[in-house]
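Undergrad: Counting from 4, one number per residue, gives the positions in the sequence shown under the working numbering.
Quick one: the structure is below, questions incoming.
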Amino acid sequence: MMGSELLLSQILCLLFFHSHFQPSLSSSNFSSPVQLCPADQSLALLQFNDSFPIMSSFLWGEDCYQQPKTVGWRVGTDCCSWDGVICNMKTGHVIGLDLGCSMLYGTLHSSSTLFFLHHLQKLDLSRNNFNGSLISSSFGQLLHLTHLNLNSSNFAGQVPPEISHLSRLASLDLSENKLMLEPISFNKLAQNLTQLKELYLNTVNMYLVVPSSFMNLSSSLTSLQLRYCELQGELPFSLGKLKQLEYLDLASNHFIGPMPGDFANHTRLAWLDLSGNSFQGHLPFSLGNLKQLSNLRLSSNKFTGQILNQFSNLTQLIQLDLSHNRFDGQISSSLGSLEKLNFLDLSSNNFSGKIPNSLFNLTQLTWLDLSHNNFNCHISSSLGNLEKLNFLTLSFNDFTGKIPDGLYNLTQLTWLDLSNNRLIGLPSQMNRLSGLNGLSGLNILLLSDNQLIGPIPSQISRLSRLSNLDLSHNLLNGTIPSSLFSMPSLHLLSLHNNHLSGRITPFLSNSLQYIDLSHNKLYGQIPPSLFKLEKLTVLMLSSNDKLTGNISSVICKQKFLEILDLSNNSFSGFIPQCLGNFSDNLSVLNLGVNNFQGNIPSVYSKGNSLRCLNFNGNQLKGVIPPSVINCVNLEFLDLGNNMIDDTFPSFLEMLPKLEVIILRSNKLHGSLKGPIANDSFSKLKIFDLSNNNLSGPLPTEYFNNFKAMMSVDHDMDYMRARNLSFSYVYSVIMTWKGLEIEFTKIQIALTILDLSCNKFTGKIPESLRKLKSLIQLNLSHNSLIGYIQPSLGNLTNLESLDLSSNMLAGRIPQQLVDLTFLEVLNFSYNQLEGSIPLGKQFNTFEHGSYEGNLKLCGLPLKVKCNNGDGQQRPPSNFEKEDSMFEEGFGWKAVAMGYGCGLVFGVSMGYVVFRTRKPAWFVKMVEHGGHQNTKRLRRKNAPRNGGRRH
Numbered sequence: 004m005m006g007s008e009l010l011l012s013q014i015l016c017l018l019f020f021h022s023h024f025q026p027s028l029s030s031s032n033f034s035s036p037v038q039l040c041p042a043d044q045s046l047a048l049l050q051f052n053d054s055f056p057i058m059s060s061f062l063w064g065e066d067c068y069q070q071p072k073t074v075g076w077r078v079g080t081d082c083c084s085w086d087g088v089i090c091n092m093k094t095g096h097v098i099g100l101d102l103g104c105s106m107l108y109g110t111l112h113s114s115s116t117l118f119f120l121h122h123l124q125k126l127d128l129s130r131n132n133f134n135g136s137l138i139s140s141s142f143g144q145l146l147h148l149t150h151l152n153l154n155s156s157n158f159a160g161q162v163p164p165e166i167s168h169l170s171r172l173a174s175l176d177l178s179e180n181k182l183m184l185e186p187i188s189f190n191k192l193a194q195n196l197t198q199l200k201e202l203y204l205n206t207v208n209m210y211l212v213v214p215s216s217f218m219n220l221s222s223s224l225t226s227l228q229l230r231y232c233e234l235q236g237e238l239p240f241s242l243g244k245l246k247q248l249e250y251l252d253l254a255s256n257h258f259i260g261p262m263p264g265d266f267a268n269h270t271r272l273a274w275l276d277l278s279g280n281s282f283q284g285h286l287p288f289s290l291g292n293l294k295q296l297s298n299l300r301l302s303s304n305k306f307t308g309q310i311l312n313q314f315s316n317l318t319q320l321i322q323l324d325l326s327h328n329r330f331d332g333q334i335s336s337s338l339g340s341l342e343k344l345n346f347l348d349l350s351s352n353n354f355s356g357k358i359p360n361s362l363f364n365l366t367q368l369t370w371l372d373l374s375h376n377n378f379n380c381h382i383s384s385s386l387g388n389l390e391k392l393n394f395l396t397l398s399f400n401d402f403t404g405k406i407p408d409g410l411y412n413l414t415q416l417t418w419l420d421l422s423n424n425r426l427i428g429l430p431s432q433m434n435r436l437s438g439l440n441g442l443s444g445l446n447i448l449l450l451s452d453n454q455l456i457g458p459i460p461s462q463i464s465r466l467s468r469l470s471n472l473d474l475s476h477n478l479l480n481g482t483i484p485s486s487l488f489s490m491p492s493l494h495l496l497s498l499h500n501n502h503l504s505g506r507i508t509p510f511l512s513n514s515l516q517y518i519d520l521s522h523n524k525l526y527g528q529i530p531p532s533l534f535k536l537e538k539l540t541v542l543m544l545s546s547n548d549k550l551t552g553n554i555s556s557v558i559c560k561q562k563f564l565e566i567l568d569l570s571n572n573s574f575s576g577f578i579p580q581c582l583g584n585f586s587d588n589l590s591v592l593n594l595g596v597n598n599f600q601g602n603i604p605s606v607y608s609k610g611n612s613l614r615c616l617n618f619n620g621n622q623l624k625g626v627i628p629p630s631v632i633n634c635v636n637l638e639f640l641d642l643g644n645n646m647i648d649d650t651f652p653s654f655l656e657m658l659p660k661l662e663v664i665i666l667r668s669n670k671l672h673g674s675l676k677g678p679i680a681n682d683s684f685s686k687l688k689i690f691d692l693s694n695n696n697l698s699g700p701l702p703t704e705y706f707n708n709f710k711a712m713m714s715v716d717h718d719m720d721y722m723r724a725r726n727l728s729f730s731y732v733y734s735v736i737m738t739w740k741g742l743e744i745e746f747t748k749i750q751i752a753l754t755i756l757d758l759s760c761n762k763f764t765g766k767i768p769e770s771l772r773k774l775k776s777l778i779q780l781n782l783s784h785n786s787l788i789g790y791i792q793p794s795l796g797n798l799t800n801l802e803s804l805d806l807s808s809n810m811l812a813g814r815i816p817q818q819l820v821d822l823t824f825l826e827v828l829n830f831s832y833n834q835l836e837g838s839i840p841l842g843k844q845f846n847t848f849e850h851g852s853y854e855g856n857l858k859l860c861g862l863p864l865k866v867k868c869n870n871g872d873g874q875q876r877p878p879s880n881f882e883k884e885d886s887m888f889e890e891g892f893g894w895k896a897v898a899m900g901y902g903c904g905l906v907f908g909v910s911m912g913y914v915v916f917r918t919r920k921p922a923w924f925v926k927m928v929e930h931g932g933h934q935n936t937k938r939l940r941r942k943n944a945p946r947n948g949g950r951r952h
């Protein structure tokens, strides 16, 4: 009702405005050949503008830097002079409205006065924010539209079928919204918009539209963009009548199958992008017919085979991207004929051999990426011919030899990446790095993971524009040139995993944000100037052994610090108490394996970002501060190998993201009382409380909550702090299969439960059988009693099982033979008895796994089993089925059955004697005997597709 009243009032206003100004319009038209904007259309524009507030704070995009076009719209002025408004010079009607990037915000209603502008031919509302509005069906009333652009304006929902009423449309752009287009609506578009030349539907969800329907589109179409449309299936062999196509972009969908050979018939194509799909097979030779092609992008598919002469005729090519496919063999020398090429990306394939010399004739190249292949040759000095190169990466190959001096000819180079090869030396003329004929414009220099040897050349510091320098994982020695710490533009300095020695010299430049000098041989104290770098985000000085001194509380002035790793050094003194709450940005705090004393920082503020807290291997005393509960993002907690005197910190179960808890080798005491919350420790994968004084029963309730240990994770990645400016991989020191080992990386799939060397009592709980992803279980050196649970045989991922030095009794369960990944087994020094099982991994364990059990017998022990207690063999199918009888009935049940059977037998015997073999009883006994015989045969038959001989 209110909508109709609003519409009526708008019409009345328009009539009033029109009648009031009609005389002036007439006189104006009489005296001037150019008519003023009609009053009704002027009012419609003003009311449309008034319905949207301007949101200047919204992020509108890089192109939207000008002020809104509607700012200058004023009542009483000619709307034909307004910014963004185009009028017909004869009639004065508004025929064009360009309000792109006008900061309009709000809902576009179907009753909007915009739809009163019936003479509109071109309408651009792109790059605004219509707040998830539906595209109104009223757009279908603007029948004169030839151009409609709603790109990037936060429309949502279904594309209305009324859009297909706009039969004069030559250009339609609905890209970059949250729209869906159903097959019926798409087919109507294809059938009715016969004059369409440009169709842009990027990110419109079209997952139900079949690719064959593309053939129904207008034969006038010159540009078709359907990126990120969820399209799937095979492209039709022919695109039919689309012979005028010049621009075709089908990137980032789910297309499969071969690349249609019919593309070769679309000889007007200048741009073809099929990247980000699952196309496969060889590239068709008919590609060579597309002689107008200037841009060809086929990256991130599954194309195979060699690159032969498919591209030799494409002499207009400017950009060629074949990256992330499965091409192999040598690069075809025919690529050298593409003289206009300025972008060439062949990365992430299986190319091998040498780079053809013809490639160095492509003197227009500005971008060359050959990374992630199998090239195995020297880097040719002829690379120096490509003097226009801005970007060059040859990383992740098998290049050998020295870095060629010819690279110094590449004076336009801003990015050079030669990392992850087998290069053996720095260039012999490092003094040419800078100067008129050097690499003075270089921003990025990445030479990590090679075999570079010798000192770092001080001439590198002459690269005044260098922002990233990575020389890590080499064989560099000597001292770090002090001039590196004075480079004015250097943001990232990574020199880790070398043989660098000496002291860290003062920092004279304030530009550094990322410093990694870990895993070297540096010594001495940290210069105070390091803690005054205002933009410092990452500081890693771990594993230098001889870095000494105290950590100054000045470090707490680093408001942008995200990662602080000073582990594995010789720092001493007290940990600054401010480290717990000095910055909401700090995510990684690793001070492990030093000589710190005193207490753990006691205050951790609410809202902190800590994900990793590692104080392992110091001399810290006191208790674990309860304020750790404020670290709600904590994933990794390692306080092991200290002198913490406390009970188990049960408040940790309130931290929902914890994956690793290591409190080993402290003075923890008391019992583990069990969970308070339902989902406590649900993400835990490593739980190590070994070498403490904990007592009481094993924490059965906690085991029931270890959800992450109940399902096997096949992720081969490593645990790390993610979503930071720079990624950080977690590391840990722990007992692994009997040896203390440092894991410099922790696989996500690694799950460990270690409660050894405590005073736990009671039985091994049945709930342990749920933890199916466990790889290591260690309950040794406690006071556990009872039997070894047969259900431990469910832990089929176990590689290490240690139950030694307890008071466990009974036999070793035969079910444990099925633990086929088991490498380490230790049942020694218990009270086990009987024979040791045989079969599979149990045949590999030595006598040390069983020693100290005086009643055990059989191999590998020297004690032989008696005839009545022969060594357990792997059970047959028959034995497995009947094991239920053995485990399910004790002597009481047998005695009861015997007694009942005796009474029943005597009674039936009397009946038989008196009635002289009654027929009903004989039939029952004979039928039962027959069924039992068949059942026994069935038990002994092969099962589940067993092997036939």
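In this text, a Cβ means the ideal position worked out from N, Cα and C, and glycines have one as well.
Since the structure is predicted, the reported quantities are computational estimates derived from the model, not experimental observations.
1) Taking C-alpha atoms, which residue in 640, 104, 776, 403 lies nearest to residue 712?
2) Does the segment 161-171 touch the segment 213-223, meaning 3 or more C-beta pairs lie closer than 8 angstroms?
3) Please classify residue 127 as buried or exposed, where buried requires at least 16 neighbouring CB atoms within 10 angstroms.
4) Return the chain-ordered ranges of every beta strand (DSSP E) run that is complete within the segment 635-695 and spans a minimum of 3 residues.
5) For the alpha helix (DSSP H) containing residue 189, name the first residue and the last one.
6) Which ranges would you report for the beta strand (DSSP E) in the segment 800-886 if only whole runs of at least 3 residues count?
7) Using only CA atoms, which one of 416, 628, 233 lies nearest to residue 606?
8) Tell me residue 724's beta-bridge partners as DSSP assigns them.
9) Looking only at its own chain, which residues have a Cβ that is under 6 angstroms from the Cβ of residue 83, when we skip the five neighbours before and after it?
10) Starting from the N-terminal side, write out each stretch of the beta strand (DSSP E) that is 3 residues or longer and does not extend beyond the segment 233-259.
11) Is it right to say residue 645 is buried, meaning 16 or more other beta carbons lie within 10 angstroms of its own, or is it exposed?
12) Counting along the chain, where does the beta strand (DSSP E) carrying residue 159 start and finish?
13) For residue 116, does the count of other Cβ atoms within 10 angstroms reach 16, so buried, or fall short, so exposed?
14) Using 8 angstroms as the threshold, is the C-beta distance between residue 475 and residue 500 below it?
15) Please list the segments of the alpha helix (DSSP H) lying wholly inside the segment 37-105, counting only runs of 4 or more residues, in order along the chain.
16) Confirm, please, whether the CB-CB distance from residue 153 to residue 174 is below 8 angstroms.
17) Using beta-carbon positions only, say whether residue 623 and residue 651 come within less than 8 angstroms of one another.
18) Taking the alpha-carbon of residue 698 as reference, which of 141, 786, 319 has the nearest alpha-carbon?
19) According to DSSP, what are the bridge partners of residue 769?
20) In chain order, what residues of the same chain lie with their CB nearer than 8 angstroms to the CB of residue 481, ignoring the 5 residues before and after it?
21) Please report the distance separating the alpha-carbon of residue 565 from that of residue 598.
22) Counting only C-beta atoms, is residue 402 closer than 8 angstroms to chain C at any point?
23) Ignore the nearest five residues each way along the sequence and tell me which others in residue 867's own chain have a CB closer than 8 angstroms to its CB.
24) Less than 8 angstroms between the CB atoms is what I'm expecting for residue 833 and residue 805, so what's the real figure, rounded?
25) Quick one: what's got a C-beta closer than 6 angstroms to residue 413's C-beta in the same chain, skipping five residues either side?
26) Could you give the uninterrupted runs of the beta strand (DSSP E) lying entirely in the segment 281-318, keeping only those of 3 residues or more?
27) Using the Cβ count rule (16 or more neighbours within 10 Å means buried), how would you classify residue 720?
28) Going by CA-CA distance only, name the one from 284, 285, 296, 253 that's closest to residue 272.
29) DSSP three-state label for residue 516, please.
30) Considering only residues of the same chain and omitting the five flanking positions on each side of residue 901, which have a CB-CB separation below 6 angstroms?
31) Hey, how far is the Cα of residue 714 from the Cα of residue 782?
32) Could you give the first and the last residue of the continuous alpha helix (DSSP H) run that contains residue 704?
33) Rounded to whole angstroms, what is the Cα-Cα separation between residue 298 and residue 384?
34) Okay, do the segment 580-587 and the segment 526-542 touch, 3+ Cβ pairs below 8 angstroms being the bar?
35) Per DSSP, which one or two residues make a beta bridge with residue 360?
36) Between 555, 523, 545, which has its C-alpha nearest residue 1's C-alpha?
TA: According to the structure shown:
1) 776
2) no
3) buried
4) 639-641, 663-665, 672-674, 689-691
5) 186-195
6) 803-805, 827-829, 834-838, 858-860
7) 628
8) 731
9) 40, 90
10) 235-237, 250-252
11) buried
12) 158-161
13) buried
14) yes
15) 42-53
16) no
17) no
18) 786
19) Its beta-bridge partners do not exist; DSSP assigns none.
20) 457, 458, 459, 503, 504, 505
21) 23 angstroms
22) Looking at the structure shown, chain C is missing, and only one protein chain is on hand.
23) 860, 861
24) The Cβ separation is near 11 angstroms, so there is no contact.
25) 392
26) 281-284, 298-300, 305-309
27) exposed
28) 296
29) coil
30) Low per-residue confidence applies at residue 901: pLDDT is 43, beneath 50, and the placement is therefore not dependable enough to give any value.
31) 21 angstroms
32) 703-708
33) 29 angstroms
34) no
35) Partner(s): none; residue 360 has no beta bridge.
36) Nothing can be reported for residue 1, as the shown portion of the chain is limited to 4 through 952.
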